[in-house]
Amino acid sequence: MNRLLSTSILFTLFILLSGCTLNSNVAQLYKQEPNLDAEITLDDSISTKEEQTIEILLTKDGNPVDQVDNIHVEIWKQDGSIPTIHKIPDNRGNGKYQLTTSFSSEGLYFIKAHIKHQDSEIIPKQQFIVGELSDNDLEYLQKDIPEQERSHDHHH
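Residue numbering for the sequence shown follows this note's numbering, beginning at 63 and increasing consecutively.
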């Protein structure tokens, strides 16, 4: 009797749950956010006291974005030894935004762009090197690398 009851309950649950299948178009029922993307471009080799052009290519679903609600850039040195630079890039058309700046000291820097376009906001961040890295900068870069990757001794 218990076996018949268990089988009946399982069969009933199966019938009830099979009626609750997921809609395969469920993702289409919700608002789809457009894909807003920014690519920050700097020279491969950056020296102190030379003007540096920084370009941001802004696209939405692969198409250039010529008008944004807000765009500004922060640049700072990893060790905090210089004040943060705040700049508003110029709109050069075809999704390109550009600014120029110079750096007074060598080391590891970060750039962060705050970009707002319609209902989307992105904040891409990138690190870059001006001149040579200090020992402090090297330590900073290696702190998140697992010990195995830092070791140059390979035992076979």
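Just so it is clear, CB atoms sit at the ideal spot from N, CA and C, and this is done for glycine as well. In this text, all values refer to a predicted model and were calculated from it rather than measured experimentally.
Here the alpha carbons of I173 and L161 stand approximately 12 angstroms from one another.
In this structure P151 is buried. Its beta-carbon is surrounded by 16 or more other beta-carbon atoms within 10 angstroms. E136 has its alpha-carbon roughly 5 angstroms from the corresponding atom of H148. Between N125 and K178, the CB-CB gap reaches or exceeds 7 angstroms.
Distances from the CA of Q189 to each of T121, I108, N97 were compared; the closest alpha carbon is that of I108. With a cutoff of 7 angstroms on beta-carbon distance, Q140 and D199 are scored as near each other.
In this structure, the beta-carbon distance from E168 to V130 does not fall below 7 angstroms. Taken through DSSP and simplified to helix, strand or coil, L98 comes out as strand.
Less than 7 angstroms separates the beta-carbon of S164 from that of K111. With respect to N97, D123 sits close: the two C-beta atoms are nearer than 7 angstroms.
Judged by beta-carbon spacing, G157 lies beyond the 7 angstroms limit of L195, meaning their Cβ atoms are not closer than that value. Looking at the backbone, the Cα of I144 and that of A100 are separated by about 26 angstroms. Bridge partners of N125 according to DSSP: K122.
Under DSSP, no beta-bridge partner is assigned to D199.
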